[in-house]
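This report concerns only the one structure given below.
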Amino acid sequence: MKEKLKEKKTFPSGFVLDYDKFTHDPELDKYDGVVLFPKKVAKAKEAVKHPSFKKLMDDLDKGKFK
Amino acid sequence: MRLEHYEVRFDEPFTTFKFFSEGPKGRIQKLVQFSPISAGLYNLALGDVNAQTGEVDDLVVSDNGDSEKVLATVVEVVYRFCDRFPAASIYATGSTPARTRLYRMGINKYYHLATGDFYVFGQRLDSEWEPFQKGKDYRAFIVTQKGFRFGI
């Protein structure tokens, strides 16, 4: 008998994620490796070059945020 | 808590998601894509697919009367993506200042969810990054699921 897949997950905030609301669409696989929004990606790469971003991620990895 | 949202389809690398906005302007196909910026960091972008040309446009204003449901669907997609890639950090900004404000309003609206499950950071208008503060103006945002980054 095929194992029944998990249907939902509740996160610590109480948010409920329904897995059955998400379906694989093979037609979308054509986007594998394709960047649909190159300008936004370029902008994002610039934004995270700021020194404060590295410090923030370092602090995050050190567990400084609750 | 459940949000009213559209059903979502995804590709197999699990980086591109599709749903249809439904409203007075008809049925509009929307795509959400997560693109890698650096190790573990992804850019989130949302755009409409032009029904005539098939091109994806992140500047078009759909005005389909369902912005709340679209926003809720993007929230669902973020949760689903982070469920698959729990250590991922997600960067998001609007294509225009008005859209960035909309994202900020969205984070404020779902603040209890956002801060319950994610660390939320904002890039101030002077480009400095800091922990997100409600009501403050930011040019971009980053969320990281709590409990999954190295060292936490």
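Keeping their order, the protein sequence lines are chains A and B.
So for the first sequence, the working numbering puts the first residue at 1; every next one is plus one.
So for the second sequence, the working numbering puts the first residue at 67; every next one is plus one.
Each residue gets a CB set at the ideal place from its N, CA and C atoms; glycine is no exception.
Quantities reported herein were computed from a predicted structural model and do not represent experimental measurements.
Residues bridged to residue i (per DSSP)
{"i": "I208(B)", "result": "Y157(B), F187(B)"}
{"i": "S87(B)", "result": "I94(B)"}
{"i": "T6(A)", "result": "The sequence given here has Lys at residue 6(A), not Thr. DSSP lists no partner for K6(A)."}
{"i": "P197(B)", "result": "F187(B)"}
{"i": "L17(A)", "result": "K9(A)"}
{"i": "F214(B)", "result": "Partner(s): none; F214(B) has no beta bridge."}
When the options are compared against residue i, the one with the closest alpha-carbon
{"i": "E88(B)", "options": "V98(B), R170(B), K135(B), M171(B)", "result": "K135(B)"}
{"i": "I94(B)", "options": "A158(B), D183(B), Y176(B), Y72(B)", "result": "Y72(B)"}
{"i": "L191(B)", "options": "K202(B), A138(B), L168(B), G120(B)", "result": "K202(B)"}
{"i": "F207(B)", "options": "R68(B), A111(B), G213(B)", "result": "A111(B)"}
{"i": "T10(A)", "options": "G160(B), P102(B), Y145(B), F85(B)", "result": "Y145(B)"}
{"i": "D61(A)", "options": "Y185(B), R68(B), S193(B)", "result": "Y185(B)"}
{"i": "L107(B)", "options": "Q118(B), I156(B), P163(B)", "result": "I156(B)"}
{"i": "K43(A)", "options": "P102(B), D114(B), A164(B)", "result": "P102(B)"}
{"i": "T159(B)", "options": "D59(A), V48(A), D58(A), D20(A)", "result": "V48(A)"}
Sequence-distant residues of the same chain with beta carbon closer than 6 Å to residue i, five excluded per side
{"i": "R150(B)", "result": "F80"}
{"i": "D132(B)", "result": "S87, G89"}
{"i": "L125(B)", "result": "S161"}
{"i": "F83(B)", "result": "V74, F76, V98, V143"}
{"i": "V16(A)", "result": "K8, T10"}
Cβ shell of residue i (< 8 Å), same chain only, five flanking positions each side left out
{"i": "Y204(B)", "result": "T166, R170, G188, Q189, R190, L191, F198"}
{"i": "P38(A)", "result": "none"}
{"i": "V41(A)", "result": "V35"}
Same chain, Cβ closer than 7 Å to residue i, neighbours up to 5 away in sequence not counted
{"i": "P152(B)", "result": "Q211, F214"}
Against chain A: residues of the segment 77 to 91 of chain B by CB proximity under 7 Å
Residues passing the 7 Å Cβ filter: D77, E78, P79, T82, K84.
Can you pull out the residues from the segment 100 to 117 of chain B whose beta carbon lies closer than 8 Å to at least one beta carbon of chain A?
Per Cβ criterion, the list reads S101, I103, S104, L107, N109, A111, G113.
Output needed in chain order: residues of the segment 32 to 49 of chain A with a Cβ under 9 Å from some Cβ in chain B.
Closer than 9 Å at the C-beta level to chain B, one finds these residues of the segment 32 to 49 of chain A: D32, G33, V34, V35, L36, F37, P38, K39, K40, V41, K43, A44, K45, A47, V48.
Report the residues of the segment 154 to 171 of chain B with a CB closer than 9 Å to any CB of chain A, ordered along the chain.
Taking 9 Å as the upper bound on Cβ-Cβ separation, chain A lies near residues S155, Y157, A158, T159, S161 of the segment 154 to 171 of chain B.
Any alpha helix (DSSP H) of 4 or more consecutive residues that is wholly inside the segment 27 to 58 of chain A:
As far as the segment 27 to 58 of chain A is concerned, its whole alpha helix (DSSP H) runs of at least 4 residues are 38 to 47.
Ordered list of alpha helix (DSSP H) runs contained in the segment 97 to 171 of chain B, each at least 4 residues:
Listed in chain order, they are 133 to 150.
Residues of the segment 5 to 25 of chain A whose Cβ lies closer than 7 Å to any Cβ of chain B, in chain order:
Within the segment 5 to 25 of chain A, those residues whose Cβ lies closer than 7 Å to any Cβ of chain B are, in chain order, K9, F11, P12, S13, G14, F15, V16, L17, K21, F22, T23, H24, D25.
Using a Cβ cut-off of 8 Å, which residues of the segment 112 to 146 of chain B contact any Cβ in chain A, in chain order?
Considering only beta carbons, the part of the segment 112 to 146 of chain B lying closer than 8 Å to chain A consists of G113, V122, D124, E142, Y145, R146, in chain order.
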